[in-house]
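Colleague: Sequences listed follow chains A and B, in order.
Heads up, the first sequence is in the numbering used here, so the first residue is 3 and it goes up one at a time.
Heads up, the second sequence is in the numbering used here, so the first residue is 57 and it goes up one at a time.
Structure provided below as structure tokens; questions to follow.
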Amino acid sequence: MSCWYGVSAPQDDIAVSTRIRLARNINGIPFPSKMTPEQFKTVNVLVKKAILESDTPYSKSLKYIAMDDIPEIERFAMVERHIISHRFASDYQNRAIIISEDESICIMLGEEDHIRVQVLLAGLQFEKAYKIADSIDSLLCNGLDLAFDERIGFLTECPTNLGTGLRSSVMLHLPLIESRGEMSGLADSISKIGLTVRGIYGEGTKAIASLYQISNQVTLGISEKNAIDNLKIIATQLIQKEQQYRKQLNRIKLEDRCMRSLGILKNARILTSSEMMTRLGDIKLGQSVGIIGSDILPIKLLIEGQPNMIMRKSGGLSPDERDIERANIIRNSL
Amino acid sequence: MLCEKCGESLATTHIRSVINGKVTEKHLCSHCAANEGYSDIKGSNLSQMLSSMFGDTASAPKNTQVTRCGCCGSTFSDIAKSGKCGCSECYTTFYEQLLPYLKRVHGSTKHIGKIPSRASVTEKTDDNIDELRALLSRLVGEEKYEQAAVVRDKIKELEGDTL
């Protein structure tokens, strides 16, 4: 079955993916930073029961996996596929996930909160992603005594997630806004309306291949719908701006840039992660303006060319060996 | 982005230095960052930032009678230092102290999103109605009709809420 990055979706020429995350906790059990191994296991058992023993399609379509059963390379490959957080891959003992086959739904148990429901879809699909996350949340609300206060909403370990516990985000490919040097100014403006801009791998990471994640920061005093609508409005404006700049580009210069990158990816024998991502960004740009055919899946290749994604297939490799293997993988895919 | 030193792990520590107007950037994984002595940068900055958002409470001298959360044992000072609550009960114990912080972070202290429909809420209301019905029949028996009318209206109100 295809993963979220292997399918085409609405507005995916610029909007790479949409993510919805809900943070939930269970009453009577301390938050993860104060939990004992037994309490982690209790959370796993309770959530597993609430979802996998529910009379809904989720009981069959989702699967429970103990993180202790997942080897290290695969755990970090999951981070590279954006399924779990880096922190969760590192602090994995006694934790578990409940995951769909296509990995678009992943519920982390024992991350910063007891339960983190994540829905990740390709393209711009906020409504669909939220609907799925909300339906899973309703199972949790029905089956568990969730930590909730009528005044301040769902209670979370970090008060910055309090209220709705909702973090919605969209990953946008913005090479032309970036090349005009407008991104840092836009990021400042965006931060003033309760949204934040980050690099491809979340908090503390820099933008690579002109991929930017924009997400909501405020979770208290705003409804789920309004938080998502605000983000969607900004994402739509950025997409329109990027599209406008793409139309104004000098065609021959753009063709040169994209075809050079395609040439390198088709012929390189050694390819670093950084160069691969930059070149694939050019391929994605070229596809959106009709220079390069749509048979290449640049985001899929970008993820499959990450270090742990390579090693889960080829076994442990040194960085130099990985660069050679990466070049092979990309060359054979084009 | 990969760590520029080992070239193997994901770079999660990004250091930008400006010395005499010259800007240099380093992108390191947590292991290489620790080796270069940057391991505490993120933690200390975050802690300082969160402490400043909590106000002066975090650095205030310890009171001899410190309130502790009855569930996890956290004090407000623990929460202010780490920026994290120990359990859901902390929000009840330190509600008043947390409100100014919540206002600074979110610009609001009132939840207006989804409310879970929990069985326990309905059960609680049903228990209240049963108690009020018993009180109503006692008041009628004692011919305290004015008070009985108030209780009857309350029962109607609660029954309406549960529909």
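We put the beta carbon where it would ideally sit given N, CA and C, even for glycine.
Just so it is clear, the structure is predicted and the values come from calculations on it, not from any experiment.
In this structure, what does DSSP give as the bridge partners for HIS175(A)?
Modeller: LEU213(A)
Colleague: Using the DSSP secondary-structure output, state which residues sit across from LYS65(A) in a beta bridge.
Modeller: ILE101(A)
Colleague: Excluding five sequence neighbours on each side, which residues of the same chain lie with their C-beta closer than 7 Å to the C-beta of PHE42(A)?
Modeller: ASN96, ARG97 and GLY112
Colleague: Classify VAL121(A) as buried or exposed, calling it buried when 16 or more other Cβ atoms lie within 10 Å of its own Cβ.
Modeller: Under a 10 Å Cβ-count criterion, VAL121(A) is classified as buried, with 16 or more other Cβ atoms of the shown protein chains found around its own Cβ.
Colleague: List the residues of chain B that ASP151(A) touches, going by C-beta distances under 9 Å, in chain order.
Modeller: SER144, TYR147, THR148, TYR151 and HIS167
Colleague: Tell me where the beta strand (DSSP E) around MET110(A) begins and ends.
Modeller: Residue range 107-111 is occupied by the beta strand (DSSP E) that includes MET110(A).
Colleague: Using a Cβ distance threshold of 8 Å, determine whether the segment 316-332 of chain A contacts the segment 263-280 of chain A, with at least three qualifying pairs required.
Modeller: yes
Colleague: I want to verify the contact list: residues of chain B whose CB lies under 7 Å from the CB of PHE1(A), in sequence order.
Modeller: Because chain A spans 3 through 336 in this model, residue 1(A) falls outside it and cannot be assessed.
Colleague: What span of residues does the beta strand (DSSP E) with SER19(A) cover, start to end?
Modeller: 17-26
Colleague: Listing by chain order, which chain B residues have their CB less than 8 Å from the CB of THR58(A)?
Modeller: Result: empty, since nearest Cβ-Cβ is about 16 Å, beyond 8 Å.
Colleague: If I measure Cβ to Cβ from ALA91(A) and keep anything under 6 Å in the same chain, skipping five residues before and after, which residues do I get?
Modeller: ARG77, PHE78 and VAL81
Colleague: Is ASN269(A) buried or exposed, if buried means 16 or more other CB atoms sit within 10 Å of its CB?
Modeller: With a threshold of 16 other beta carbon atoms within 10 Å, ASN269(A) falls short and is exposed.
Colleague: Are the CB atoms of ILE272(A) and ALA329(A) within a distance shorter than 9 Å?
Modeller: yes
Colleague: Pull up the distance between the alpha-carbon of LYS98(B) and that of ALA89(B), whole angstroms please.
Modeller: For LYS98(B), the predicted structure reports a pLDDT of 40, less than 50, and the residue's modelled location is therefore unreliable. A value from the coordinates is still provided. Each residue's Cα considered, the two are about 11 Å apart.
Colleague: Whether or not the segment 98-108 of chain A and the segment 59-72 of chain A are in contact is what I'm after, with contact meaning three or more pairs of Cβ atoms, one per stretch, closer than 8 Å; do they touch?
Modeller: yes
Colleague: Give the residues from the segment 152-167 of chain A that approach chain B closer than 9 Å (Cβ to any Cβ), ordered along the chain.
Modeller: GLU152, ARG153, ILE154, GLY155, PHE156, LEU157, THR158, GLU159, CYS160, PRO161, THR162, LEU164, GLY165, THR166 and GLY167
Colleague: Which of the three DSSP states is assigned to GLN245(A) in this structure?
Modeller: helix
Colleague: Output, in chain order, the set of chain B residues within a Cβ distance shorter than 7 Å of LEU354(A).
Modeller: Outside the shown range of chain A, which is 3 to 336, sits residue 354(A), and nothing can be said about it.
Colleague: For ASP96(B), count neighbouring Cβ atoms within 10 angstroms of its own Cβ and tell me buried if that reaches 16, exposed if not.
Modeller: With a pLDDT of only 45 at ASP96(B), under the threshold of 50, the placement of this residue in the model should not be trusted; the figure read from the coordinates follows. ASP96(B) should be labelled exposed.
Colleague: Taking ASN29(A) as the query, report the chain B residues whose CB atoms sit under 7 Å from its CB, ordered along the chain.
Modeller: What ASN29(A) touches in chain B: SER144.
Colleague: Bridge partners of VAL121(A), per DSSP?
Modeller: ILE22(A) and ILE107(A)
Colleague: Determine the extent of the beta strand (DSSP E) in which LEU197(A) is found, giving its start and end residues.
Modeller: 197-200
Colleague: Are the segment 123-136 of chain B and the segment 186-198 of chain A in contact at 8 Å, needing three or more beta carbon pairs?
Modeller: No: fewer than three Cβ pairs fall under 8 Å.
Colleague: Roughly how many whole angstroms lie between the Cα atoms of SER173(B) and SER225(A)?
Modeller: 16 Å
Colleague: Any beta carbon of chain A sitting closer than 9 Å to that of GLU92(B)?
Modeller: no
Colleague: Spatial neighbours of ASN310(A) within its chain, please: C-beta separation below 6 Å, excluding the five flanking residues on both sides.
Modeller: ILE75, PHE78, ALA79 and GLU82
Colleague: Tell me HIS84(A)'s beta-bridge partners as DSSP assigns them.
Modeller: According to DSSP, HIS84(A) bridges with nothing at all.
Colleague: Three or more beta-carbon pairs under 8 Å between the segment 173-180 of chain A and the segment 131-151 of chain A, yes or no?
Modeller: no
Colleague: Starting from the C-beta of LEU126(A), find all residues in its chain whose C-beta is less than 7 Å away, skip the five residues before and the five after it, and write them out in chain order.
Modeller: The answer, listed in chain order, is PRO12, GLN13, ALA17, THR20, VAL172 and ALA237.
Colleague: Quick one: is GLN308(A) buried, meaning 16 or more other Cβ sit within 10 Å of its Cβ, or exposed?
Modeller: Around the Cβ of GLN308(A), a 10 Å sphere holds 16 or more other Cβ atoms; the residue is buried.
Colleague: Specify the secondary structure class of GLU81(B) as computed by DSSP and reduced to three states.
Modeller: Looking at GLU81(B) - three-state DSSP - the assignment turns out to be strand.
Colleague: So is LYS82(B) in contact with chain A if we call contact Cβ pairs under 9 Å?
Modeller: no
Colleague: Please check if any C-beta of chain A sits within less than 9 Å of the C-beta of TYR201(B).
Modeller: No, no contact with chain A.
Colleague: What in chain B is Cβ-close to GLY223(A), meaning under 8 Å?
Modeller: Residues of chain B with a Cβ closer than 8 Å to the Cβ of GLY223(A) are, in chain order, HIS162, GLY163, SER164, THR165, LYS166, HIS167 and ILE168.
Colleague: Would you mind sorting GLN289(A) into buried or exposed? The rule is 16 or more other CB atoms within 10 Å of its CB.
Modeller: buried
Colleague: Determine the burial state of TYR201(B): buried for a count of at least 16 other Cβ atoms within 10 Å of its Cβ, exposed for fewer.
Modeller: exposed
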